[in-house]
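The sequence shown maps to residues 48 to 205 in this note's numbering.
I have placed the structure first, in the form of structure tokens, so that the comments after it can refer back to it.
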Amino acid sequence: MSHLLLSIYSIAIIALTIFKEFLPEGAPVDAYTIVYSVLALSASIIVFGFRFGETAALHRECYLRLQELHDSHDDAAEIERNYHSILSSYPNHSDLDYARLVLSRTFPNNRNGLKRNDGTPIMWNFGMLMRWCIHQLFFWGMPILLLSTTVFPVYWSF
Numbered sequence: 048m049s050h051l052l053l054s055i056y057s058i059a060i061i062a063l064t065i066f067k068e069f070l071p072e073g074a075p076v077d078a079y080t081i082v083y084s085v086l087a088l089s090a091s092i093i094v095f096g097f098r099f100g101e102t103a104a105l106h107r108e109c110y111l112r113l114q115e116l117h118d119s120h121d122d123a124a125e126i127e128r129n130y131h132s133i134l135s136s137y138p139n140h141s142d143l144d145y146a147r148l149v150l151s152r153t154f155p156n157n158r159n160g161l162k163r164n165d166g167t168p169i170m171w172n173f174g175m176l177m178r179w180c181i182h183q184l185f186f187w188g189m190p191i192l193l194l195s196t197t198v199f200p201v202y203w204s205f
């Protein structure tokens, strides 16, 4: 989403510059261009700071080590010790990732379910659904709100 938002801002800056001559006389195009350029640069620096690629690489390395452990022929105590060692060495998924998995497999009718190690089914609940909905609202709503309050008014005001 961050890359999409940055791309839209970049397109808006380019479009504003290209179609400058079609805008009314005296429109503060240069000021808008500077503001959007600084906004795009700042957002790029912030997104780079999240290190999405690095986190993805660590998750991949973790699941590959867990797969090696799964395929090993060690005794149960050794497997458990190695399992906890592997998990403590890597970043963990968030609770929202767990909720997304459960909802994707069980919502809305709790079929095609997931099961715990003891065989009991894992089912979604209303709280899990609400947290996921609020996250989706912010995930999609914030970029739309940002665009609607910064980029779109430039084109609508002229």
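In this text, a Cβ means the ideal position worked out from N, Cα and C, and glycines have one as well.
Neighbour-count burial assignment, residue i, 16 or more Cβ in a 10 Å radius
i: Leu51; result: exposed
i: Ala78; result: exposed
i: Ala146; result: buried
i: Leu63; result: buried
Euclidean distance between Cα positions of residue i and residue j
i: Asn172; j: Leu184; result: 18 Å
i: Val94; j: Asn164; result: 38 Å
i: Gly100; j: Met170; result: 31 Å
i: Ser49; j: Ser89; result: 12 Å
i: Thr80; j: Phe186; result: 26 Å
i: Met175; j: Ala59; result: 37 Å
i: Asn156; j: Met177; result: 16 Å
i: Leu86; j: Phe66; result: 20 Å
i: Ser132; j: Leu143; result: 24 Å
i: Gly73; j: Leu192; result: 27 Å
i: Val82; j: Tyr56; result: 11 Å
i: Arg152; j: Arg112; result: 25 Å
i: Thr196; j: Gly166; result: 50 Å
i: Asp122; j: Asn129; result: 11 Å
i: Ser84; j: Ser91; result: 10 Å
i: Val149; j: His182; result: 15 Å
Where residue i falls: helix, strand or coil (DSSP)
i: Pro190; result: helix
Requested in this report: Any chance you could list the alpha helix (DSSP H) runs of at least 4 consecutive residues sitting entirely within the segment 53-112, in chain order?
Outcome: 76-97
Requested in this report: Check whether the segment 98-117 touches the segment 127-140, taking contact to mean three or more Cβ pairs, one atom from each stretch, closer than 8 Å.
Outcome: yes
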